[in-house]
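Per the numbering used here, the very first residue in the sequence shown carries number 7; after that it's consecutive.
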Amino acid sequence: MLPYPQTHYAATRSDDAQWPVLDGECEAETCVIGGGLAGLATALGLAERGRSVVLLEANRMGWGASGRNGGFASAGYPLSMRVLAAQRGLSDAAALWRLSVEALSVVSRRAEALGTDTLQGHGALRCRIAWQPDTLREHVGWMNEHFAAGLVHLPPRELRALLATEAYADGFLNPASLQIQPLNLARGMAHAAAAVGARLHEGADVVAIEAAGAARKVVTRSGSVTARHVVLAGGAHLGMLHTGLGLATVPVASFVVATKPASEHLRAAIRTGFAVSDTRVATDYYRVLPDGRLLWGGRANAFEYAPETVRGLLKRDIARIYPQLADLEIESAWSGLMPIARHRMPVIGPLAEGLWAAACFGGLGLVNTTLAGELIASAIAEGDDRHRHFAPFGLPFAGGTYGRAAFQFIYWRHQLEDWFKRPRARKAGGQP
């Protein structure tokens, strides 16, 4: 069992309770593999409905991407709503939007119950890079018209009053977004699930799933769970426990740093309590934490970097957007693997009779992990079939290991496009 990596979230977690290693054989109606947000949401949803559930986590609860992300919680999917509407029609897209909005309300309720150590703020800005096409106002109107999204367009002058940078043109505010300490949310959900009867185990690395009559046996190094239902919620660390899911999943690393406290220095540049991101594919995302630190995330890579490399890369990214913050001291730096599918939508639903997937949340997992958990729990406990909305996306082959190389080339292409489009500094005399 691996300890938590050295992140700001691990350093500020609300408690350090541990759950026992699985010892011997047991039975349950459902076995959930993975103690991240998706697995915990599934276990909590089942236990709240009075069902028998065992959850197995190879390391600590929230150890993976669930406890390392930027802490942005918003409705929506990695695939844009406009693309979803074009692919599926407005009616189906609206149904998918409503599901995510409902999940956001569940996350909000759970985070609020855990207090300010977990729910750290409200509202998020999405900013258009200055050289990008001027389409943001139209996007806001379209989202509000078709999905009642409640977005508020901010013209350049209003945005500049909040963010002292020339990098952005206009932007929009999403008042419904939340700012979350994700590891505290995960651990709080674990405590809540245990309190209503879920059996949780850390250090329970699953090595095989075997047939056992009408059920399945989930085998760890120290025991096993026989269950009628098995939920695969291990994220990028699930490996090839299910070949089809493994080959449809590309693990992608993203990177985050947290600075030392610098409240006054930050207030001169970031004059808002809203979280911030931009509209590039290679996006930056950041927020000022309650203790006066800047938490900044961005970039993506097929493989994780060492903390010192992350520290240097993101320090340069901060200075690129806010030159006045170039001297901020980075206190901690880390990376995490998030799984994505080729269609850029979550994989939620049955893979076979009694075998379920909750995977591939691709950067918007704080909300859609809870959506997956609620849909699967209600399907098992109540026969709910709303997970069918995700069935058409399927499990398209993503190349396994080769898919990571393909992702890297695509990401480099986007970075190169950004570099060529970015205005160049001019020499004396006004000549470029």
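Each residue gets a CB set at the ideal place from its N, CA and C atoms; glycine is no exception.
>> Starting from M344, trace the beta strand (DSSP E) in both directions and tell me its first and last residue.
In response: On the sequence shown, residue 344 is found 338 positions in, with the first residue counted as 1. Here the beta strand (DSSP E) through M344 covers 336-347.
> If you check the beta carbons only, do R305 and F367 fall under 8 Å apart?
Replying inline: Walking along the sequence shown from the start, residue 305 turns up at place 299. Walking along the sequence shown from the start, residue 367 turns up at place 361. It is not a contact, given that the beta carbons lie outside the stated cut-off.
> Which residue or residues does DSSP assign as beta-bridge partners of A364?
Replying inline: Along the sequence shown, read from residue 1 onward, the residue named residue 364 stands at position 358. Per DSSP, the beta-bridge partners of A364 are I354.
>> Within a Cβ cutoff of 8 Å, which residues of the same chain sit near D176, ignoring the five residues on either side of it in sequence?
In response: To locate residue 176, count along the sequence shown from 1; it is residue 170. Cβ within range, chain order: C133, R134, D140, L142, R143, H159, L160, P161, P162, L165.
>> Which complete beta strand (DSSP E) runs does the segment 75-142 hold, if anything under 3 residues is left out?
In response: Qualifying beta strand (DSSP E) stretches, in chain order: 125-135.
> Can at least three beta-carbon pairs, one atom from the segment 379-388 and one from the segment 354-371, be found at a separation below 8 Å?
Replying inline: Yes, the segment 379-388 touches the segment 354-371.
>> Considering only their Cβ atoms, is the gap separating V237 from T36 smaller than 8 Å?
In response: Against the sequence shown, residue 36 aligns to sequence position 30. Against the sequence shown, residue 237 aligns to sequence position 231. The answer is yes: Cβ separation under 8 Å.
>> For a test of the three-state rule: what should DSSP assign to Y15, helix, strand or coil?
In response: Walking along the sequence shown from the start, residue 15 turns up at place 9. In this structure, Y15 counts as helix in the three-state DSSP scheme.
> Whose C-beta lies closer than 6 Å to the C-beta of G4 among residues of the same chain, with five residues either side of it excluded?
Replying inline: Nothing about residue 4 can be read from this structure; the chain reaches only from 7 to 438.
>> The alpha helix (DSSP H) that contains H197, what's its start and end?
In response: Start at 1 with the first residue of the sequence shown, and residue 197 comes out as number 191. Counting along the chain, the alpha helix (DSSP H) containing H197 begins and ends at 188-201.
> So what does DSSP say about D390, is it helix, strand or coil?
Replying inline: Translated into positions along the sequence shown, residue 390 becomes position 384. D390 sits in coil when the DSSP states are folded into three classes, being neither helix nor strand.
> Under the rule that 16 or more other beta-carbon atoms within 10 Å means buried, what is R326, buried or exposed?
Replying inline: Position 320 of the sequence shown, counted from the start, is the residue given in the question as residue 326. It is exposed - the Cβ of R326 has fewer than 16 other Cβ atoms within 10 Å.
> Between L85 and the rest of its own chain, which residues show a CB-CB distance below 6 Å, the 5 nearest in sequence each way excluded?
Replying inline: As a first step, residue 85 must be located in the sequence shown, where it is residue number 79. The answer, listed in chain order, is R350, M351.
> Roughly how many angstroms lie between the CA atoms of H145 and F396, to the nearest whole one?
Replying inline: The residue given as residue 145 occupies position 139 in the sequence shown. The residue given as residue 396 occupies position 390 in the sequence shown. Each residue's alpha carbon lies about 24 Å from the other.
> Alpha carbon to alpha carbon, how far is G51 from A199?
Replying inline: Walking along the sequence shown from the start, residue 51 turns up at place 45. Walking along the sequence shown from the start, residue 199 turns up at place 193. Taking the straight line from one Cα to the other gives about 8 Å.
> Applying the criterion that 16 or more other CB atoms from any shown protein chain within 10 Å of the CB defines a buried residue, is G76 buried or exposed?
Replying inline: Here residue 76 refers to the residue found at position 70 of the sequence shown. Buried, because 16 or more other Cβ atoms sit within 10 Å of the Cβ of G76.
>> Report the start-end ranges of each beta strand (DSSP E) in the segment 280-340 that is 3 residues or longer and not cut off at the edges.
In response: The beta strand (DSSP E) runs lying completely inside the segment 280-340 and spanning 3 residues or more are 281-284, 290-294, 300-307, given in chain order.
> Based on Cα-Cα distance, which residue from A34, G219, G40 lies nearest to T375?
Replying inline: Numbered from 1 along the sequence shown, position 369 holds the residue referred to as residue 375. Of the candidates A34, G219, G40, the residue whose Cα lies closest to the Cα of T375 is G40.
> If you run the structure through DSSP and keep just helix, strand and coil, what is N65?
Replying inline: To locate residue 65, count along the sequence shown from 1; it is residue 59. Here N65 sits in coil by DSSP.
> Do W340 and Q12 come within 8 Å of each other at the CB atom, strictly closer than that value?
Replying inline: On the sequence shown, position 6 is the one that residue 12 refers to. On the sequence shown, position 334 is the one that residue 340 refers to. A Cβ-Cβ contact shorter than 8 Å links Q12 with W340.
> Can you tell me whether DSSP reads T481 as helix, strand or coil?
Replying inline: The chain is shown from 7 up to 438; residue 481 falls before or after that span and cannot be answered.
> Is the beta carbon of L179 less than 8 Å from the beta carbon of L131?
Replying inline: Here residue 179 refers to the residue found at position 173 when the sequence shown is read from its first residue. Here residue 131 refers to the residue found at position 125 when the sequence shown is read from its first residue. Yes, Cβ-Cβ distance for L179 and L131 is below 8 Å.
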